[in-house]
Amino acid sequence: MYSAIAANKRNTVVIMVLFVLVIGGLGWLASQIYGNSSIVYLTIAIASIYALVQYFAAARLAIAVNGGQKIQKSDNPRLWRTVENLTIATGMPMPDVYVIDDPAPNAFATGRDPRHAVVAATTGIMEIMTDDELEAVMAHELGHVRNYDIRVSMIAFGLVSAIGMIADLMLHMMWFGGGDDRDNASPQLMIFGILALILAPIIATLIQLAVSRQREYLADSTGAMTTRHPEGLAKALEKIRDHGSVMRRQNSSTAHLFFANPLKSGAIAKLFSTHPPIEDRIARLRAMGSQM
Numbered sequence: 585m586y587s588a589i590a591a592n593k594r595n596t597v598v599i600m601v602l603f604v605l606v607i608g609g610l611g612w613l614a615s616q617i618y619g620n621s622s623i624v625y626l627t628i629a630i631a632s633i634y635a636l637v638q639y640f641a642a643a644r645l646a647i648a649v650n651g652g653q654k655i656q657k658s659d660n661p662r663l664w665r666t667v668e669n670l671t672i673a674t675g676m677p678m679p680d681v682y683v684i685d686d687p688a689p690n691a692f693a694t695g696r697d698p699r700h701a702v703v704a705a706t707t708g709i710m711e712i713m714t715d716d717e718l719e720a721v722m723a724h725e726l727g728h729v730r731n732y733d734i735r736v737s738m739i740a741f742g743l744v745s746a747i748g749m750i751a752d753l754m755l756h757m758m759w760f761g762g763g764d765d766r767d768n769a770s771p772q773l774m775i776f777g778i779l780a781l782i783l784a785p786i787i788a789t790l791i792q793l794a795v796s797r798q799r800e801y802l803a804d805s806t807g808a809m810t811t812r813h814p815e816g817l818a819k820a821l822e823k824i825r826d827h828g829s830v831m832r833r834q835n836s837s838t839a840h841l842f843f844a845n846p847l848k849s850g851a852i853a854k855l856f857s858t859h860p861p862i863e864d865r866i867a868r869l870r871a872m873g874s875q876m
């Protein structure tokens, strides 16, 4: 477990370096097209500020866009005690607890570290889960907190958003900006620049998806080890598979935070899904249970 946490902290730095290199590359392309080297520094500065704002504000934004309401123990004793018991058992700080009024069974965790964490559960998941299954789901979410997945997710999300914003801005400038510097750029460089600006956000998103999928498997394992009952989490996943986890509020920017994919399914949606297949998760948990 400690090795996984250390690896996630290292991954945070690696992800930041990779994305800064992508952003710097976009800035370099623009500087070559426009003949202005200062564009590189301006691009990196804008992206860094944007990612920093996302890092500190993303948790509040995630709660707001999904309609979460903060609760105290008296508001929902069952959910509160479930989270409280798990934090006591693992020695974690108690996170803020939220409820989302939505019939879809789902949950998520976010924040930048265990002392600034948030966990949320839908009304739907509390209706269909037994106490053991709800405990397993919340142990999974607290696993994301313990493993510092929430930090990796926040940074990756902020930098992917920054790359998308910069690429959109540069494409707009290339098509509509005009100017002698751009007109004097070689056709080959222009074509390469356009392709790079189109592909950069896609590549950045695929990196984010790969990170998110691996973190889901790790959080499943962490949650199962916490409760010592992998079958509870496997049964919870089966219920979510049978009931569906699609939320009424469709928000792709926070989909990677949820316990199960909250977006409508489809061929493209599956390709860009932030979650591994539920059947794979169930199989891994049952294999883990047979070894415990």
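Residue numbers (the numbering used here): 585 to 876. Beta carbons: idealized from backbone N, C-alpha and C, even for Gly. As the structure is a computational prediction, the values presented were derived from the model and not from experiment.
query, result
"Opening and closing residue of the alpha helix (DSSP H) in which Y639 lies", "S622 to V649"
"Three or more C-beta pairs below 8 Å linking the segment 617-631 and the segment 724-737", "no"
"Which of helix, strand or coil DSSP assigns to V830", "coil"
"Span of the beta strand (DSSP E), counted from its first residue to its last, around I862", "Unbroken run through I862 is the alpha helix (DSSP H), I862 to Q875; no beta strand (DSSP E)."
"Cβ neighbour criterion (16 or more within 10 Å) applied to V744", "buried"
"Spatial distance of A844 from M749 (CA atoms)", "27 Å"
"Residue from E719, L636, A641 and N690 with nearest C-alpha to A673", "E719"
"Residue(s) in a DSSP beta bridge with F842", "F692"
"Sequence-distant residues of its chain with Cβ nearer than 6 Å to S621 (five each side left out)", "S615"
"Same chain, Cβ closer than 7 Å to I866, neighbours up to 5 away in sequence not counted", "A818, L821 and E822"
"The segment 650-663 / the segment 795-804 touching (three or more Cβ pairs under 8 Å)", "no"
"Alpha carbon of T694 to alpha carbon of V683, nearest angstrom", "14 Å"
"Element boundaries [beta strand (DSSP E), containing D680]", "D680 to I684"
"G608 to I786 span [Cα, whole Å]", "16 Å"
"Beta-carbon proximity check, D685 vs R735, cutoff 8 Å", "no"
"Residues near G816 in its chain [Cβ-Cβ closer than 6 Å; skip 5 each side]", "D716, E717 and A720"
"Sequence-distant residues of the same chain with beta carbon closer than 8 Å to A851, five excluded per side", "Low confidence applies to A851: its pLDDT is 47, below 50, so where it sits in the model is not reliable, and the reading given next is rough at best. Answer for A851: no residue qualifies."
"Reduced DSSP secondary structure (H/G/I, E/B, other) of G652", "strand"
"Minimum C-alpha distance to H827 - residue among M713, V667 and M676", "M713"
"G611 CB to nearest heavy atom of the ligand FMN below 7 Å", "This structure lacks the ligand FMN, and indeed carries no ligand of any kind."
"R865 at chain B interface by Cβ criterion, 8 Å", "In the displayed structure, chain B is absent; only one protein chain is listed."
"Selection from S796, E711 and M872 that minimises the alpha carbon distance to P807", "Reading off the sequence, residue 807 comes out as Gly, not Pro. Checked all of S796, E711 and M872; the closest Cα to G807 is M872."
"Cβ-based neighbour list, P687, same chain, cut-off 6 Å, excluding 5 preceding and 5 following", "G708"
"Distance between L605 and F692 (C-alpha atoms, nearest Å)", "30 Å"
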